[in-house]
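Comments concern the structure below.
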Amino acid sequence: MKQKNKVVSILTDYLVMTLGVLFVTVAWECFMIPNGMSAGGLMGLCAVIEYATGGAIIASYSFTVINAFLIILAVLVFGIGFGFRTLYCIAIQALALKVFAGLGFLQAVPGNFFYVPEKIMIPVISGVLEAVGIGLTIRKGGSTGGTDIVALIVNKYWPVALSRMFLITDFIIITSILFLPGRAFGDMMYGYIMMAAYACVIDFVVVGDRGAVQLLVFSSKHKEIADYITRKMERGVTVLKAIGWYTKQEKDVLLLLMRRNEVPEVSKFIKETDERAFMTVNPVGGVYGEGFEEIKAGISNSRKKKKDNGDKQE
Numbered sequence: 001m002k003q004k005n006k007v008v009s010i011l012t013d014y015l016v017m018t019l020g021v022l023f024v025t026v027a028w029e030c031f032m033i034p035n036g037m038s039a040g041g042l043m044g045l046c047a048v049i050e051y052a053t054g055g056a057i058i059a060s061y062s063f064t065v066i067n068a069f070l071i072i073l074a075v076l077v078f079g080i081g082f083g084f085r086t087l088y089c090i091a092i093q094a095l096a097l098k099v100f101a102g103l104g105f106l107q108a109v110p111g112n113f114f115y116v117p118e119k120i121m122i123p124v125i126s127g128v129l130e131a132v133g134i135g136l137t138i139r140k141g142g143s144t145g146g147t148d149i150v151a152l153i154v155n156k157y158w159p160v161a162l163s164r165m166f167l168i169t170d171f172i173i174i175t176s177i178l179f180l181p182g183r184a185f186g187d188m189m190y191g192y193i194m195m196a197a198y199a200c201v202i203d204f205v206v207v208g209d210r211g212a213v214q215l216l217v218f219s220s221k222h223k224e225i226a227d228y229i230t231r232k233m234e235r236g237v238t239v240l241k242a243i244g245w246y247t248k249q250e251k252d253v254l255l256l257l258m259r260r261n262e263v264p265e266v267s268k269f270i271k272e273t274d275e276r277a278f279m280t281v282n283p284v285g286g287v288y289g290e291g292f293e294e295i296k297a298g299i300s301n302s303r304k305k306k307k308d309n310g311d312k313q314e
């Protein structure tokens with residue numbers, strides 16, 4: 001039974017990754033490239049190469065060649081499992097790019113169904129589609145290759161938001177379109193619009209309901225609430241001593257850290273236990289430690305740790 005569930009889980013992962021790759025392909029071959037636009041990431045670079053060569057080197061060819069080098073780096077850092085899934089995503093996307101490029105009726109140009117008169121909406125739609133696509137592949141342990149491999153490597157060792165890493169690499173690639181003949185400032189701005197739409201969506205898709213929140217619970221029945229959270233939900237609770245300035249009375253306030261998807265359960269219990277309870281919920285940029293994400297100390301701290309161990313041995 002366990003073996004069957006494992007097979008189903010793996011097949012589901014690959015199905016979701018395939019769907020994610022198709023989202024990315026649609027964003028570029030149906031919207032961006034037919035309208036002569038570029039943006040960030042490896043696909044943005046591949047689009048620029050296609051425009052610069054007059055279509056002699058189409059995006060699917062340069063995408064495959066460049067990723068052939070980057071996949072080696074992914075295997076070294078994340079292991080053969082990640083490398084195989086990334087290789088799968090790259091192969092599917094390279095194939096999908098070539099197939100979709102030949103499906104003219106799907107291109108967002110005048111006369112076709114996906115045509116959008118407001119040109120400024122093209123990069124917005126593309127940015128959302130690409131963020132959803134890449135987000136789905138990352139959540140299932142894969143990657144569409146390119147600059148997201150670099151971002152994931154940095155995110156593995158430093159607590160840096162994925163969106164920030166993409167912004168840095170995208171900034172460099174987007175400006176490259178200005179080196180093409182006949183291109184103007186407006187062409188570059190379309191890339192930034194897509195980048196903005198992408199950055200707004202990518203963290204939400206990748207983190208999803210795994211994001212952490214911080215709760216402060218004010219209740220006269222804080223003991224019952226704390227016991228439920230520690231025993232039933234297996235989450236830690238910190239009791240803060242506070243004074244209500246209006247009543248001048250001491251109160252116990254519960255400080256909680258938990259996953260976003262756990263909030264409905266604790267909210268329901270608090271409401272059933274104490275209808276007069278007061279609770280605040282605040283999103284947390286990152287929680288590192290037992291029960292959450294692994295603490296990312298960075299390369300410099302790792303070197304320091306090795307040095308300290310060497311000193312102890314001496």
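Each residue of the sequence shown is one higher than the one before, counting from 1 in our numbering. For each residue, glycine too, the CB sits at the ideal point set by N, CA and C.
Item	Value
Cα-Cα separation, A218 to V237	At residue 218 the sequence reads Phe, which differs from the Ala that was named. Taking the straight line from one Cα to the other gives about 13 angstroms.
Those residues which DSSP pairs with A242 across a bridge	K251
Residue environment, W245, which counts as buried when at least 16 other CB atoms sit within 10 Å	exposed
N35 versus I125, D170 and T86, residue with shortest Cα-Cα distance	I125
Boundaries of the alpha helix (DSSP H) in which A212 is found, first to last residue	Looking at the DSSP string, A212 is not in any alpha helix (DSSP H); the run it does join, the beta strand (DSSP E), is A212 to F218.
Beta-carbon gap between V213 and E130 smaller than 8 angstroms	no
Backbone secondary structure at R276 - three-state DSSP	coil
Cβ shell of Y88 (< 8 angstroms), same chain only, five flanking positions each side left out	Y14, M17 and G142
Buried or exposed by the 16-neighbour rule on C-beta atoms within 10 Å, applied to L255	exposed
Separation of A47 from N67, as counted between CA atoms	15 angstroms
Expected contact under 8 angstroms - CB spacing of Y190 and P123 to nearest Å	5 angstroms
Inter-residue CB distance, L136 and G40 (contact presumed, cutoff 8 angstroms)	The pair is not a contact, with the Cβ atoms about 19 angstroms apart (cut-off 8 angstroms).
DSSP state of M37 mapped onto helix, strand, coil	coil
Three-state secondary structure (DSSP) of N112	coil
With 16 other Cβ atoms within 10 Å as the buried cut-off, status of R276	exposed
Buried versus exposed call for S60 [16 or more other C-beta atoms within 10 Å across all chains shown]	buried
Paired residues, beta bridge with V77 - DSSP	DSSP, once it has assigned bridges, lists no residue as partnering V77.
Strand pairing of R259, partner residues [DSSP]	A212
Contact under 8 angstroms by Cβ, I177 with M188	yes
Inter-residue Cα distance where the pair is M165 and A151	5 angstroms
Pair within 8 angstroms by beta-carbon distance, T175 and L42	no
Rounded C-alpha distance that separates F63 from E50	11 angstroms
Neighbourhood of T273 by C-beta, 7 angstroms cutoff - its chain only, sequence neighbours within 5 removed	K221, E224 and I225
Which listed residue (F113, S38, W28 and S9) has its alpha carbon closest to that of A184	S38
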